[in-house]
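Novice: The structure that follows is given in the form of structure tokens.
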Amino acid sequence: MSTPIKNMSKLLTPRILSPISPNFLSVFNREVINKYERKHSVAKRIDFSKSPQRNNASVEIKIASISDDLKKDLQKYDVLINTPNKQKIIKNGIEDEKFFNVLGRGGFGRVFKAKHKGTTVAMKLVRKTNYIGEKNVLTLNHKNIVTVLEIVENEKENFCLILMEYLENCNTLQKMYTNPEIDFSKLLKYAVDICEGLKYCHSNKVLHLDLKPSNILIINGNCKICDFGNSVKNVECVDHFQHHGTIHYTAPEILLGKKPNEKSDIYSLGIIFWQLKTRKTPYVEIDNIECVIYKVVKCNLRPESEKPFDEFSHLYQQCWNQNQFERPNVSDILEKLSTVNC
Numbered sequence: 001m002s003t004p005i006k007n008m009s010k011l012l013t014p015r016i017l018s019p020i021s022p023n024f025l026s027v028f029n030r031e032v033i034n035k036y037e038r039k040h041s042v043a044k045r046i047d048f049s050k051s052p053q054r055n056n057a058s059v060e061i062k063i064a065s066i067s068d069d070l071k072k073d074l075q076k077y078d079v080l081i082n083t084p085n086k087q088k089i090i091k092n093g094i095e096d097e098k099f100f101n102v103l104g105r106g107g108f109g110r111v112f113k114a115k116h117k118g119t120t121v122a123m124k125l126v127r128k129t130n131y132i133g134e135k136n137v138l139t140l141n142h143k144n145i146v147t148v149l150e151i152v153e154n155e156k157e158n159f160c161l162i163l164m165e166y167l168e169n170c171n172t173l174q175k176m177y178t179n180p181e182i183d184f185s186k187l188l189k190y191a192v193d194i195c196e197g198l199k200y201c202h203s204n205k206v207l208h209l210d211l212k213p214s215n216i217l218i219i220n221g222n223c224k225i226c227d228f229g230n231s232v233k234n235v236e237c238v239d240h241f242q243h244h245g246t247i248h249y250t251a252p253e254i255l256l257g258k259k260p261n262e263k264s265d266i267y268s269l270g271i272i273f274w275q276l277k278t279r280k281t282p283y284v285e286i287d288n289i290e291c292v293i294y295k296v297v298k299c300n301l302r303p304e305s306e307k308p309f310d311e312f313s314h315l316y317q318q319c320w321n322q323n324q325f326e327r328p329n330v331s332d333i334l335e336k337l338s339t340v341n342c
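Residue numbers for the sequence shown follow the UniProt record's numbering, so the first one is 1 and each next one is one higher.
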């Protein structure tokens, strides 16, 4: 008969967990046992005497399995990136992510908190078919762009790892612009940061092509552009471009199947600026994405602007102009932002 385990000692687990660990080890009474193993006690001697034995009344004790306890109280771990782990992760990925600190999920992959050579990093795990654009950020070094430290890949394997700087306690612009306690002057500063980062990208012939609030991180009051999975470098050399960005921020020319250019990023900026001004989400009244595409391309649909129009309103309307050649470039936008009154 199973009995409860008494005097369970403090559970000892490594601070950093390997994603390929075969099991968890728990320490009970200084003896290491597998999480699936149960201890059995010797049955007590049964007393058949005729006298009442009140103290021997049976008591049903419900005992949860060790594995259930572990799952219930499981702590999240950082992914340990060492040589054997690298090879196994890029081959098989990480299936059971519930054990690890997941920083974010997106269309191109998942981002985990990890340890690499003693340093905390953000590790993005993506399939090889989706990572080509990520390489474009390796050549970029700017205060308003998230730094990529290393890309781990193998042509024979299914996945690759993008190791990036870890930004502790950061938020996305998505969470910030909806916060009523943040005044417009701070949001305007964010707009300048985004433009500075984008200007640097364009000067290095990199198009982001997936600018949106969830791809802009805010740390210590400064913006950093991230997620270059949909980016293109030297677009004039690209014969076939497959767009995987978010439709609500995608320029009409891309929706029509045309080759993107710098002004395609400017269109996305226009939608973001509208959100900073109105603190709303575009096209929430339309639940069919095909309808959004049709109306943006054929009917010149844009988010509804609030009146009266000011300098900032006129600016984002110029950015999302249907005619890409009439949209301003990033330098022009920065100049106009410097004159906007808060």
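We put the CB at the ideal spot given by N, CA and C, even for glycine.
1. Counting Cβ pairs, one atom from each stretch, are 3 or more of them under 8 Å apart for the segment 205-222 and the segment 172-179?
2. Grouping DSSP H, G and I as helix and E and B as strand, with all else coil, what is phenylalanine 325?
3. Suppose you measure from the CA of tyrosine 190 to the CA of cysteine 223; what does that come to, to the nearest Å?
4. I'd like the list of long-range same chain contacts for cysteine 170, defined as Cβ closer than 7 Å, with 5 residues on each side in sequence excluded.
5. Within 10 angstroms of the Cβ of residue 409, are there 16 or more other Cβ atoms? Answer buried if so, exposed if not.
6. Which residues bound the beta strand (DSSP E) around valine 121?
7. Compute the distance between the beta-carbons of leucine 301 and lysine 295, then report whether it is under 7 Å.
8. In three-state DSSP terms, what is alanine 251?
9. Report the rounded CA-to-CA distance for lysine 115 versus asparagine 204, giving the unit in angstroms.
10. At the level of alpha carbons, what is the spacing between proline 252 and aspartate 310?
11. What does DSSP give as the partner residue(s) for threonine 172 in the beta ladder?
12. Nearest-angstrom Cα distance between glutamine 322 and serine 185?
13. Give me the Cα-Cα distance between lysine 277 and phenylalanine 312, rounded to the nearest whole angstrom.
14. Could you pull out every residue in the same chain whose Cβ sits closer than 6 Å to the Cβ of histidine 40, ignoring the five residues on either side in sequence?
15. Nearest to valine 238 by CA position, among Leu255, His244 and Pro260, is which residue?
16. Measuring only the C-alpha atoms, how far is tryptophan 320 from threonine 83?
17. With DSSP run on the structure shown, which of helix, strand or coil describes aspartate 96?
18. Does the distance from the CB of lysine 91 to the CB of glutamate 157 come in under 7 Å?
19. Is it right to say isoleucine 272 is buried, meaning 16 or more other beta carbons lie within 10 angstroms of its own, or is it exposed?
20. Is it the case that the CB of glutamate 285 approaches a heavy atom of the ligand COA more closely than 6 Å?
21. What does the Cβ neighbour count give for glutamate 304, buried or exposed, with the cut at 16 atoms within 10 Å?
22. So is cysteine 299 buried or exposed if we call it buried at 16+ other beta carbons inside 10 Å?
23. Where does tyrosine 267 sit, in a helix, a strand or coil, going by DSSP?
24. Got a sec, what are the start and stop residues for the beta strand (DSSP E) isoleucine 132 sits in?
25. Let me know if leucine 268 comes out buried or exposed under the rule of 16 or more other beta-carbons within 10 Å of its beta-carbon.
26. I'd like to know whether the C-beta atoms of aspartate 265 and histidine 208 end up nearer to each other than 7 Å.
27. Look up isoleucine 182 in the DSSP assignment and say whether it is helix, strand or coil.
28. I need the boundaries of the beta strand (DSSP E) containing valine 148, first residue and last residue.
29. Which of the three DSSP states is assigned to phenylalanine 309 in this structure?
30. Going by beta-carbon coordinates alone, are threonine 147 and glutamate 168 separated by less than 7 Å?
31. Can you check which of these residues, Lys117, Val235, Leu163 and Gly229, is closest to histidine 244 by C-alpha distance?
32. Determine the DSSP secondary structure at isoleucine 145, reduced to helix, strand or coil.
33. Nearest-angstrom Cα distance between serine 338 and serine 231?
34. Hey, how far is the Cα of valine 152 from the Cα of leucine 138?
35. Residues in its own chain within less than 7 Å of histidine 142 by CB, not counting five upstream and five downstream?
Specialist: According to the data block:
1. Under the 8 Å Cβ criterion, the segment 205-222 counts as touching the segment 172-179, having at least three qualifying pairs.
2. The count along the sequence shown starts at 1 and reaches residue 325 at position 325. In this structure, phenylalanine 325 counts as helix in the three-state DSSP scheme.
3. For the purposes of this step, residue 190 is identified with residue 190 of the sequence shown, where counting begins at 1. For the purposes of this step, residue 223 is identified with residue 223 of the sequence shown, where counting begins at 1. Rounded to the nearest angstrom, the two C-alpha atoms are 6 Å apart.
4. Locating residue 170 in the sequence shown gives position 170, where the first residue counts as 1. When the five nearest sequence neighbours on each side are left out, the beta carbons in the same chain lying within less than 7 Å of the beta carbon of cysteine 170 are those of Leu217, Ile218 and Ile219, in order along the chain.
5. Here the chain comprises residues numbered 1 to 342, so residue 409 is not present and cannot be evaluated.
6. Here residue 121 refers to the residue found at position 121 when the sequence shown is read from its first residue. Boundaries of the beta strand (DSSP E) around valine 121: 119-127.
7. Start at 1 with the first residue of the sequence shown, and residue 301 comes out as number 301. Start at 1 with the first residue of the sequence shown, and residue 295 comes out as number 295. A contact, by the Cβ cut-off of 7 Å.
8. By 1-based counting over the sequence shown, the position of residue 251 is 251. Secondary structure of alanine 251 (DSSP, three-state): coil.
9. Position 115 of the sequence shown holds residue 115. Position 204 of the sequence shown holds residue 204. When rounded, the distance between both Cα atoms is 30 Å.
10. In the sequence shown, counting from the first residue as 1, residue 252 sits at position 252. In the sequence shown, counting from the first residue as 1, residue 310 sits at position 310. Our two residues, proline 252 and aspartate 310, have alpha carbons roughly 25 Å apart in a direct line.
11. If you number the sequence shown from 1, residue 172 lands on position 172. Note: threonine 172 sits in a beta bridge opposite Leu217.
12. Taking the sequence shown and counting its residues from 1, the one referred to as residue 322 is at position 322. Taking the sequence shown and counting its residues from 1, the one referred to as residue 185 is at position 185. Near 28 Å, if we compare the C-alpha coordinates of serine 185 and glutamine 322.
13. Along the sequence shown, read from residue 1 onward, the residue named residue 277 stands at position 277. Along the sequence shown, read from residue 1 onward, the residue named residue 312 stands at position 312. Rounded to the nearest whole angstrom, the CA to CA distance from lysine 277 to phenylalanine 312 is 8 Å.
14. One-based indexing of the sequence shown puts residue 40 at position 40. Below a pLDDT of 50, predicted positions are generally treated as unreliable, and histidine 40, at 47, falls in that range; the measurement from the model is reported next regardless. In its own chain, leaving out the 5 sequence neighbours on each side, no residue places its CB closer than 6 Å to the CB of histidine 40.
15. Here residue 238 is taken as the residue at index 238 of the sequence shown, counted from 1. Comparing Cα positions, the closest option is Pro260.
16. The residue you call residue 320 lines up with position 320 of the sequence shown. The residue you call residue 83 lines up with position 83 of the sequence shown. If you take the alpha carbons of tryptophan 320 and threonine 83, they lie about 47 Å apart.
17. As a working mapping, residue 96 is identified with position 96 in the sequence shown. If DSSP states are grouped into helix, strand and coil, aspartate 96 belongs with coil.
18. If you number the sequence shown from 1, residue 91 lands on position 91. If you number the sequence shown from 1, residue 157 lands on position 157. Judged by their CB atoms, lysine 91 and glutamate 157 are nearer to each other than the 7 Å cut-off.
19. Translated into the one-based positions of the sequence shown, residue 272 becomes position 272. The residue in question, isoleucine 272, is buried, as its Cβ has 16 or more Cβ neighbours within 10 Å.
20. In the structure on display, the ligand COA does not appear, and there are no ligands present to speak of.
21. Locating residue 304 in the sequence shown gives position 304, where the first residue counts as 1. The C-beta of glutamate 304 has fewer than 16 other C-beta atoms within 10 Å across all chains shown, which makes the residue exposed.
22. Within the sequence shown, the letter at position 299 stands for residue 299. Counting the other Cβ atoms within 10 Å of the Cβ of cysteine 299 gives fewer than 16, which makes it exposed.
23. Taking the sequence shown and counting its residues from 1, one reaches residue 267 at position 267. Of the three classes helix, strand and coil, the one that applies to tyrosine 267 here is helix, per DSSP.
24. For the purposes of this step, residue 132 is identified with residue 132 of the sequence shown, where counting begins at 1. Where isoleucine 132 is concerned, there is no enclosing beta strand (DSSP E), given that its DSSP letter is neither H nor E.
25. Taking the first residue of the sequence shown as position 1, residue 268 is located at position 268. Rather than leucine, the amino acid found at residue 268 in this sequence is serine. Of the other Cβ atoms in all chains shown, 16 or more fall within 10 Å of the Cβ of serine 268; this residue is therefore buried.
26. Your numbering for residue 265 matches position 265 in the sequence shown. Your numbering for residue 208 matches position 208 in the sequence shown. Going by C-beta atoms, aspartate 265 is nearer than 7 Å to histidine 208.
27. Counted from its first residue, the sequence shown places residue 182 at position 182. Reduced to three states, the DSSP call for isoleucine 182 is coil.
28. On the sequence shown, residue 148 is found 148 positions in, with the first residue counted as 1. Valine 148 -> beta strand (DSSP E) spans 148-152.
29. Here residue 309 refers to the residue found at position 309 of the sequence shown. Coil at phenylalanine 309, not helix or strand.
30. As a first step, residue 147 must be located in the sequence shown, where it is residue number 147. As a first step, residue 168 must be located in the sequence shown, where it is residue number 168. Cβ atoms of threonine 147 and glutamate 168: not closer than 7 Å.
31. Along the sequence shown, one-based indexing puts residue 244 at 244. Ranking the options by Cα distance to histidine 244, first place goes to Gly229.
32. Reading the sequence shown from its first residue, position 145 is the one you call residue 145. DSSP places isoleucine 145 in the strand class (E or B) of the three-state scheme.
33. On the sequence shown, residue 338 is found 338 positions in, with the first residue counted as 1. On the sequence shown, residue 231 is found 231 positions in, with the first residue counted as 1. Spanning the two alpha carbons is a distance of roughly 28 Å.
34. For the purposes of this step, residue 152 is identified with residue 152 of the sequence shown, where counting begins at 1. For the purposes of this step, residue 138 is identified with residue 138 of the sequence shown, where counting begins at 1. Distance between the alpha carbons of valine 152 and leucine 138 is about 12 Å.
35. Residue mapping note: residue 142 aligns to position 142 of the sequence shown, counting from 1. Once the five neighbours on either side are set aside, the close Cβ partners of histidine 142 are Gly197 and Tyr200.
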